[in-house]
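Reading through the structure tokens given below for one structure.
Protein chains in written order, with the working numbering: chain A, 1 to 202; chain B, 203 to 404.
Below is the structure:
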């Protein structure tokens with residue numbers, strides 16, 4: 001099962017919980033959130049213990065189990081590198097904190113930003129990375145620097161002991177084997193839409 | 203096959219083309235880009251005509267076919283609604299133009315922005331949406347407004363004739379049946395990383 005689908009199911013279950021739904025079948029879950037019902041059935045079969053024949057799955061129990069698997073049962077300390085437009089937007093993005101991702105350090109070498117603070121979080125120079133990673137127990141990093149700086153920044157993060165990096169900078173970025181690097185390509189999201197529009201014009 | 207995987211293969215093929223690679227087997231493609239080789243083999247089997255036994259797939263031919271399917275063989279006119287930090291970052295994001303997505307109109311009702319222009323594109327009030335949609339043949343929209351405005355903006359886009367919307371605003375947003383709405387949840391990307399970190403701590 002892809003991790004992404006686990007995240008999607010977790011969100012659906014959170015919504016159901018908010019709506020006061022106690023149990024749901026895989027078919028209802030699929031119908032309600034426009035998911036592939038065969039896929040949902042197959043995926044949720046892994047979590048058989050949370051399902052009861054004729055009733056379905058216990059929403060809260062299944063949600064808690066998925067959150068535990070996704071590492072969402074704790075708070076993660078996140079470093080944000082790059083505080084331009086994108087970095088600033090990501091810093092203020094509400095969705096991260098809601099899932100337990102706390103941006104507790106911001107790094108940017110721009111003298112116009114460095115030394116300032118945003119919502120109580122200091123903007124620090126990159127040379128402070130090793131010290132801050134230890135001091136703040138930073139485990140994840142989000143990279144929102146220009147393409148030309150990204151490779152160097154990712155090497156510095158790895159050298160500081162960061163084990164997982166979400167990178168928004170375009171281009172071919174590589175990380176060592178002991179670091180999990182995920183490159184976000186926002187145009188992929190648009191392509192699922194152009195795919196559907198293109199189908200309609202054929 | 204999910205549309206997302208088509209996008210990923212297209213990017214791999216583009217890289218191979220840049221590197222001067224003419225043909226590639228599904229196994230090599232999987233190895234080179236850390237993909238699931240059984241999945242790649244199964245997916246590419248749909249495109250049998252571009253594969254030659256013992257040689258593999260023709261990189262340029264397969265790439266062009268995938269681009270055609272994804273609607274990347276043309277230029278799309280895109281409306282961007284919301285020109286705050288995120289909107290501004292998305293406007294300057296290089297990846298969109300590279301895939302043929304051209305942000306040709308920006309909308310924001312903030313009097314401090316409205317009437318100005320960025321890189322030759324005017325920032326217009328939302329009331330101009332219907333007229334501009336027709337005049338500029340806008341087909342896709344990217345929504346980067348605060349959560350509380352998103353539902354109304356999406357309804358206005360739909361009423362103007364926009365058929366596909368990429369929404370970055372959080373919350374429960376709905377669109378009518380004739381509009382394809384894709385909600386981007388950036389924390390899902392972080393969750394694939396916390397998943398791996400959490401595995402390591404068990």
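All C-beta atoms in this analysis are idealised placements derived from N, C-alpha and C, irrespective of residue type, glycine included. Given the structure is predicted, the values throughout are model-derived calculations rather than measurements.
Near chain A, meaning a CB-to-CB distance below 9 angstroms, the residues of the stretch 269-284 of chain B are 270, 271, 272, 273, 274, 275, 276, 278, 280. Boundaries for residue 56 (chain A): no alpha helix (DSSP H) harbours it, while the beta strand (DSSP E) harbouring it runs 56-58, taken from the DSSP string.
139, 140: these are the residues of the stretch 114-146 of chain A whose beta carbon lies less than 7 angstroms from some beta carbon of chain B, given in chain order. The beta-carbon of residue 386 (chain B) is placed less than 8 angstroms from the nearest beta-carbon of chain A.
Taking 8 angstroms as the upper bound for CB-CB distance, residue 228 (chain B) and residue 188 (chain A) are not in contact here, some 21 angstroms apart. A distance below 6 angstroms between beta-carbons, with the five flanking residues on each side excluded, links residue 79 (chain A) to the following residues of its chain, in chain order: 105, 138, 141. Under DSSP, residue 78 (chain A) takes part in a beta bridge, and its partners are A:103, A:140. Non-local C-beta neighbours of residue 116 (chain A) in its own chain, meaning closer than 7 angstroms and more than five positions away in sequence, comprise 123, ordered along the chain. A straight line joining the alpha-carbon of residue 56 (chain A) with that of residue 160 (chain A) spans about 46 angstroms. Beta bridge pairing from DSSP links residue 324 (chain B) with B:319.
The CB of residue 399 (chain B) comes closer than 9 angstroms to the CB of 71, 76, 139, 140, 163, 164, 180 in chain A, given here in chain order. Against chain A, the CB of residue 379 (chain B) has no partner CB under 8 angstroms away; the residue lies outside that interface. Taking a cut-off of 8 angstroms for Cβ pairs, the stretch 230-239 of chain B and the stretch 159-174 of chain A do not touch, as fewer than three such pairs fall below it.
Flagged as an interface residue toward chain A: residue 303 (chain B), by a C-beta distance shorter than 8 angstroms. As the crow flies, the alpha-carbon of residue 393 (chain B) is around 16 angstroms from that of residue 162 (chain A). For residue 113 (chain A), the closest C-alpha among the options A:120, A:125, A:13, A:102 is that of A:125. One alpha carbon belongs to residue 82 (chain A), the other to residue 218 (chain B), and they sit about 30 angstroms apart.
Cα atoms of residue 69 (chain A) and residue 310 (chain B): separation of roughly 40 angstroms, rounded to the nearest angstrom. Within the same chain, Cβ atoms closer than 6 angstroms to the Cβ of residue 166 (chain A) are found at 142, 182, the five residues on either side in sequence being excluded.
Our two residues, residue 136 (chain A) and residue 145 (chain A), have alpha carbons roughly 21 angstroms apart in a direct line. For residue 294 (chain B), the closest C-alpha among the options A:76, A:169, A:198, A:22 is that of A:169. Under the three-state reduction of DSSP output, residue 23 (chain A) falls in the strand class. When only Cα atoms are considered, residue 320 (chain B) and residue 287 (chain B) end up about 14 angstroms apart.
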